[in-house]
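>
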Amino acid sequence: FPSHDTTRLGHYVRFFKEIWQTQHVILTGSTLSTLLDNSEKPTGRIREFILRPFNFIEFLHGIGHDLLAEKVQSWSIDRPFSDSIHREVLIHLTTYLKIGGLPEVVSAYREKQDWLSILADIFAFYKRDFTEYVGDRNLDNLLAQIFLRIAVSVGSPITFSSIIKSSSPGYRKLKDIIGILESWNQLISITSE
């Protein structure tokens, strides 16, 4: 599914430092995983940094619950939570599972803004990026199904046929799409092969 524009851009990256000698160039985006496929990599000039969403502890800090974050970090079986702390942790964990750990969304939630619209905008951006990358609008619905199914199954075993019926037209492309999402750091799969 590689995007023609992305692979073409990769051929120019190695020349950036020669053309813009005093500039720092920062490239971001979900298609960067394939940016330098089939092109010479500028050795010693690339530093890759993968930025992931907040984990639960970072989320607690992000919404201003530093003390609770410290309590969660210091939890041990020898020092269990009180019932009231346990309830508070579960409330925030439920919220975290609902809104996720994207910094912009967490910030909007903390500021009592419309975090749901921001989350919808981010998903629309992912969808647009995905459509441009695979070059097939018919797979948009499949992308939404993957995100939804994985969201409701987080932490539980999941099979391709539980995402989409094996008789559906997109089923054959599911493995490749999951691979793309993994390379974009949108999901991590663990197989039991």
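The sequence shown begins at 10 in the working numbering and counts up one residue at a time. Glycine included, each C-beta is placed from N, C-alpha and C at the ideal position. This structure is a prediction, so every number in the text was calculated from the model and none was measured.
1. Spatial neighbours of Phe25 within its chain, please: CB distance less than 6 Å, with the 5 preceding and 5 following residues excluded, ordered by chain position.
2. Would you mind reading off the limits of the alpha helix (DSSP H) that contains Arg146?
3. When we look at the beta-carbon of Val98 and count the other beta-carbons within 10 Å, is it buried (16 or more) or exposed?
4. Find the nearest neighbour of Ile59 within the set Glu191, Ser177 and Phe156, judged by alpha-carbon distance.
5. When you compare only the Cα positions, how much space is there between Glu57 and Ser170?
6. Taking the alpha-carbon of Ala129 as reference, which of Thr200, Ile108 and Ser83 has the nearest alpha-carbon?
7. Which first and last residues belong to the alpha helix (DSSP H) in which Pro176 is found?
8. Tell me which same chain residues have a C-beta within less than 8 Å of the C-beta of Phe90, skipping the five on either side of it?
To lay it out plainly:
1. Within the sequence shown, residue 25 is the residue found at index 16, counting from 1. Closer than 6 Å at the Cβ level, and outside the excluded window around Phe25, lie Val34.
2. Along the sequence shown, read from residue 1 onward, the residue named residue 146 stands at position 137. Premise fails: Arg146 is in no alpha helix (DSSP H) and is neither H nor E.
3. Counting from 1 along the sequence shown, the entry for residue 98 is found at position 89. When all chains shown are included, Val98 counts as buried.
4. The residue you call residue 59 lines up with position 50 of the sequence shown. Ranking the options by Cα distance to Ile59, first place goes to Glu191.
5. Position 48 of the sequence shown, counted from the start, is the residue given in the question as residue 57. Position 161 of the sequence shown, counted from the start, is the residue given in the question as residue 170. Going from the Cα of Glu57 to the Cα of Ser170 covers about 34 Å.
6. Taking the first residue of the sequence shown as position 1, residue 129 is located at position 120. Closest by alpha carbon: Ile108.
7. Your numbering for residue 176 matches position 167 in the sequence shown. This sequence places Ser at residue 176; Pro is not what is there. From DSSP, Ser176 is part of no alpha helix (DSSP H); its letter is neither H nor E.
8. Reading the sequence shown from its first residue, position 81 is the one you call residue 90. Within the same chain, Phe90 has close Cβ partners Lys80, Trp84 and Val98.
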